[in-house]
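Protein chains in written order, with my numbering: chain A, 100 to 283; chain B, -2 to 671.
Note that beta-carbon positions come from the ideal geometry of N, C-alpha and C, so glycine has one too.
What follows is one structure encoded as structure tokens, with my remarks underneath.
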Amino acid sequence: MRRLIAVTTIVALVLVAASLAWAATVKIVVEGEDYFSIKPSMAKATGSTQASGGAYIHIPLRRPHATTETGPADDGNARFKINVPVAGTYTLWARANWYDSCGNSFFVIVDNTPSTVIGEDGTYGSWHWVKGARITLTAGQHVIRFQNREDGAKLDQFLLTNNSRYVPVRAETRTPQYIIRPTQ
Amino acid sequence: MTGTVRRRSGAGFACAAFTTALIIFSAVATVYAQDELTMLEDTVEGPYALAGTLHVTDPQALSLLVAIDHQDADNTYAVRLTPGATTIERIAGGNAVAIGRGRAHGPFEADSDLELTVRRDGWRIEVIVDREVLARAWDSILPAGAVGYQVAGGEIVEPMLQPIGGVYMTDPFERLPNLPVQGTWEDVQGTWKLQSLRMDEQSDRMEADKSANAFSYLGRSADGPGITCTGYWFWNDYSIAAAVRPIETDTLGLVAYFQNPENYIAARWTSALSEAEDADRLQLVAVVGGRQSVLAEGRGGHIPGQWYRLELRVCDGLVQVFVDDEPRLAARADLFGQGQPGLYCEGSAGTSFDSVVIEDWQVLADDFEQSSPGRWVVQNGTWRVDGGKMRGAGAGAVAFTGRREWGRYAHAADLAVDGRAGVGLVACGVEGRYFALRIGGRGSGVPYEGQAQLVRVEGGQATVLASTPAAVDFSAPHRARLVVDEGLLTGYLDDKRILDAFDVDATGGLIGLYADGGGAGVFDNVYLTMLPPRRIARVAKEFAESDEHPEMVEWASTRAPWIKPEDDGGTWWTKGDYYGDKSIVFDIPRVGQVTGEVRLRLDTEPDDPQAGLTLVIAAQQGSKTLELTLLHGEEQVGQTTYEVASEPCPVRFERRGTWAVVVIDGSVVFNEKL
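In structure tokens form, the structure reads like this:
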């Protein structure tokens, strides 16, 4: 009997928590340097006064800088593992800094789905938020990959939110509870 | 949520800074019960907007309270909306004081949905209902806090906190036409196409490499206005500027506060050569419910094929239009209060748009026609708004407004005197200190009668930084301006520069008005603008990489390249001439690792290298101390040493007004009057 009460209570609590979570707005904020793994030419940079936490990841500028849309020189990327608390449709935002019109985008690959492009806007040399694709995510673990598309592209943070009206403006507060890092 | 309001009066209101009497003080003492508020769980650091839909169920009983920067019921800003009024109060220590100005929305309708936004940016509070600004206040006394609300006679549907501010976007349209615009622009009406070549003869020959700028955005709309928008619904204080080029005689323009195709503000510019009735004019128009009205207009249209820089600015209900950086139109409109910027065209020939820049635009404009309690805070003397003018009296009377965070700016006002008094402008107000441009006109009776002075006032004591004769009759208004630019204070009278001074502490802060003596200072048309960012002469790699681009080195801009000296250790001169204020900014790496000397020259030329200003920086191996010498011509005007802490060590060598300034590692080491 005691066990039944305990199980019932746990189930009830889980259901209540799930229903509360279902109704809640979720904002997952990940720093560029929170990657689970990184592959060159994607690289981490530190010492920035403008990037959140002083660090970001980027595809370093090549010399000569690629000036045509012929495709990236390599598949350098950063993989992020996140725990999504609530299933739903999420909007992806990236806080980026572009070098120029030939250095203003990343490929984004969610789990094993086809890649999408984030960026291609005309704001250069300034950290700003760029809207990406709407993504349907189940609750649980997912892998987000930012991959080289053009050299000179920098990523400070990315944000996933199930509030389609929300627009990030400044650097956001990191949400470590949703970020999975490699075991040290 | 029912709104049981408890009334409480109290005393003990004290604010941390510039605790003073308010110019117009209205004790309302209407405080609410905190436990009746619905607090938003979300928090936003920095400026924010509470946005939601106000669903009205009982129009007569509608009563909305929004608490912002909420610490507790006794310390918060309270926005109240009822059918009869829209008000904003500052509640501090239990005392409620009406601030700003507001008006009623008018009768509400049952079962109606109204868009509601309450904006807070650290200084301003704005209440926007149904696309109209119903109330606006300026106040920064209370610290940031939580947000909550209570409503009777309705409900707020899906309230959310949206961070605001930080408007910045550029677009040179450097994309290939077959690539998506990726949501940057939302084409609302008309047809909009990326152009990879300008529509000129080079386009026909496909000589993109000979075009100075191959990319633009072409708008056409044969049937009514064509509009493409960018940005977000919550953008409010911004400027949108674009290069515009009419192909023929079509009307063109820019859009601000776009809500939908039937509601927006636009700068609308017609052709000087058009045969239409409204030809040859520039207009500021408001489109409300699909009906267009002219807010302001002036003569002068554009001509076909010519590039112009058109700019539309909106802030605090002030709308301004500039053509090629010249102010052309201004109007006041409390419409919309926020909304997207956009590009505008009419006609089928088309208009090219390029080099779009959208950025924060801050302006303070006060003509004192409407009372705004709380906006001006008295430091000394007696101040009141009377007959559309601000009047201040007393010895060293000062009233402040603005934000301490304000940095580089120009503060201007019309100054006059009633009786015998000195008048002036105040800038860089921080705790216990400010700087002032004060003028003792003819018959003013003040100790500085006949003089214009720049003074530093600290602890009530004035120190004169600069002084010049100014026998001005202030029985009629004169326009004064005080410009603050990173330590340099420059005073203007009737648009003539009359004096300047340098003080390392004059870097920003509140602005104010100054009156002194037995009579009253009379002030009107206060106008503050931020100075534009300094332009940097960049060396493009095509000019610097002479091996890869030998054809470019001796060609193109005279401002960019440096001329390599023939001998080692010779002087690198810039090819171009630089006029006015100028800076050389660079880093010194590895101080202490090598011995050497560098000489920097300003306002001189190769034929006369000893003229102008010279800064000599000497470093010794094994020492972190730099030896610095400043020369004006051949005369030494300064010598010092500086212990370097940073690696690399940043250096700024500037000619600013009549001053030579040297900043090493963030510290001013020389500021010499020339």
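- Query: How close, in whole Å, do the beta carbons of residue 657 of chain B and residue 640 of chain B come, if the pair is a contact with beta carbons under 8 Å?
  - Reply: That belief does not hold up - the Cβ atoms of residue 657 of chain B and residue 640 of chain B are roughly 22 Å apart, past 8 Å.
- Item | Counterpart residues of residue 245 of chain A in DSSP-defined beta bridges | Residue 245 of chain A is bridged to A:177 and A:207.
- Task: Kindly indicate which three-state DSSP category residue 574 of chain B falls into: helix, strand or coil?
- Result: Coil.
- Straight-line gap, residue 190 of chain A to residue 203 of chain A (C-alpha atoms, nearest Å): Near 19 Å, if we compare the C-alpha coordinates of residue 203 of chain A and residue 190 of chain A.
- Message: Using beta carbons (cut-off 8 Å, strictly below), is residue 458 of chain B in contact with chain A?
- Response: At a cut-off of 8 Å between beta carbons, residue 458 of chain B makes no contact with chain A.
- Item | Interface flag, residue 176 of chain A vs chain B, CB-CB below 8 Å | No, no contact with chain B.
- Message: Does residue 152 of chain A come out as helix, strand or coil in the three-state DSSP assignment?
- Response: Residue 152 of chain A carries a helical assignment under DSSP once its states are collapsed to helix, strand and coil.
- Exposure label - residue 533 of chain B; buried when at least 16 CB within 10 Å: Burial check for residue 533 of chain B: the Cβ neighbour count within 10 Å stays below 16, so the residue is exposed.
- Message: Looking at residue 518 of chain B: is its Cβ nearer than 8 Å to the Cβ of residue 512 of chain B?
- Response: In contact: residue 518 of chain B and residue 512 of chain B (Cβ atoms closer than 8 Å).
- Query: residue 243 of chain B lies in the beta strand (DSSP E); which residues open and close that run?
  - Reply: From DSSP, the beta strand (DSSP E) with residue 243 of chain B extends over 235 to 243.
- Assign residue 133 of chain A to one of three DSSP states: helix, strand, or coil. Helix.
- Message: With a threshold of 8 Å between beta-carbons, can residue 400 of chain B be considered close to chain A, or not?
- Response: Using a CB distance cut-off of 8 Å, residue 400 of chain B does not count as an interface residue toward chain A.
- Task: With a threshold of 16 other CB atoms inside 10 Å of the CB of residue 168 of chain B, please say whether the residue is buried or exposed.
- Result: Buried.
- Find the residues of chain A that neighbour residue 171 of chain B, judging by a C-beta separation of less than 7 Å, and give them in chain order. Residues of chain A with a Cβ closer than 7 Å to the Cβ of residue 171 of chain B are, in chain order, 200 and 221.
- Message: For a test of the three-state rule: what should DSSP assign to residue 58 of chain B, helix, strand or coil?
- Response: In the structure shown, residue 58 of chain B sits in a helix (DSSP, three-state: H, G or I).
- Item | Counted within 10 angstroms of its Cβ, other Cβ atoms place residue 211 of chain A as buried (16 or more) or exposed | Under this definition residue 211 of chain A is an exposed residue.
- Item | Where residue 160 of chain B falls: helix, strand or coil (DSSP) | Here residue 160 of chain B sits in strand by DSSP.
- Message: Does chain B have any CB closer than 8 Å to the CB of residue 266 of chain A?
- Response: Closer than 8 Å to the CB of residue 266 of chain A there is at least one CB belonging to chain B.
- Query: So which residues on chain A does residue 359 of chain B lean against when the C-beta distance must stay under 7 Å?
  - Reply: Under the 7 Å cutoff, chain A gives no residues; its nearest Cβ is about 16 Å from residue 359 of chain B.
- Please state if the CB of residue 411 of chain B and the CB of residue 474 of chain B are separated by a distance shorter than 8 Å. Result yes, Cβ atoms of residue 474 of chain B and residue 411 of chain B sit closer than 8 Å.
- Compute the beta-carbon to beta-carbon distance between residue 301 of chain B and residue 343 of chain B, rounded to the nearest angstrom, for a pair I have assumed lies under 8 Å. About 14 Å separates the beta carbons of residue 301 of chain B and residue 343 of chain B, which is beyond the 8 Å limit, so they are not a contact pair.
- Measure the alpha-carbon distance for residue 510 of chain B versus residue 486 of chain B and round it to whole angstroms. Looking at the two C-alpha atoms, the distance is approximately 16 Å.
- Query: According to DSSP, is residue 428 of chain B helix, strand or coil?
  - Reply: Under the three-state reduction of DSSP output, residue 428 of chain B falls in the coil class, being neither helix nor strand.
- Could you round the C-beta distance between residue 133 of chain B and residue 117 of chain B to whole angstroms and report it? I think they count as a contact, below 8 Å. Residue 133 of chain B to residue 117 of chain B, Cβ: 12 Å. No contact.
- Start-to-end residues for the beta strand (DSSP E) that takes in residue 349 of chain B: From DSSP, the beta strand (DSSP E) with residue 349 of chain B extends over 337 to 357.
- alpha helix (DSSP H) runs contained entirely in the segment 403 to 447 of chain B, provided each spans 4 or more residues: Given a length threshold of 4 residues, the segment 403 to 447 of chain B has no whole run of the alpha helix (DSSP H) inside it.
- Expressed to the nearest angstrom, what Euclidean distance is found between the alpha-carbon atoms of residue 200 of chain A and residue 81 of chain B? Their backbone Cα atoms lie some 53 Å apart in a straight line.
- With a cut-off of 8 Å, do at least 3 Cβ pairs link the segment 60 to 67 of chain B to the segment 77 to 97 of chain B? Output reads yes: the segment 77 to 97 of chain B touches the segment 60 to 67 of chain B.
- Query: So, are the CB atoms of residue 522 of chain B and residue 364 of chain B less than 8 Å apart?
  - Reply: Closer than 8 Å, so yes.
- If we count the other Cβ atoms within 10 Å of its Cβ and call it buried at 16 or more, is residue 253 of chain A buried or exposed? Within a 10 Å sphere around the beta-carbon of residue 253 of chain A sit 16 or more other beta-carbons, which makes this residue buried.
- Query: Are three or more beta carbon pairs between the segment 251 to 259 of chain B and the segment 269 to 276 of chain B nearer than 8 Å?
  - Reply: The count of Cβ pairs closer than 8 Å, one atom from the segment 251 to 259 of chain B and one from the segment 269 to 276 of chain B, stays below three, leaving the stretches out of contact.
- Option in B:587, B:565, B:561 and B:653 with minimal Cα separation from residue 599 of chain B: The candidate whose alpha carbon is nearest that of residue 599 of chain B is B:653.
- Is it true that the CB of residue 135 of chain A sits closer than 8 Å to the CB of residue 279 of chain A? Contact: yes.
- Cβ-based contacts, 7 Å cut-off: residues of the segment 224 to 236 of chain A near chain B: Residues 225, 227 and 230.
- Task: Check residue 147 of chain B in the structure and name its three-state DSSP category.
- Result: Correct three-state label for residue 147 of chain B: strand.
- Message: Distance check for residue 611 of chain B and residue 601 of chain B, CA to CA, integer angstroms please.
- Response: Whole-angstrom Cα-Cα distance: 9 Å.
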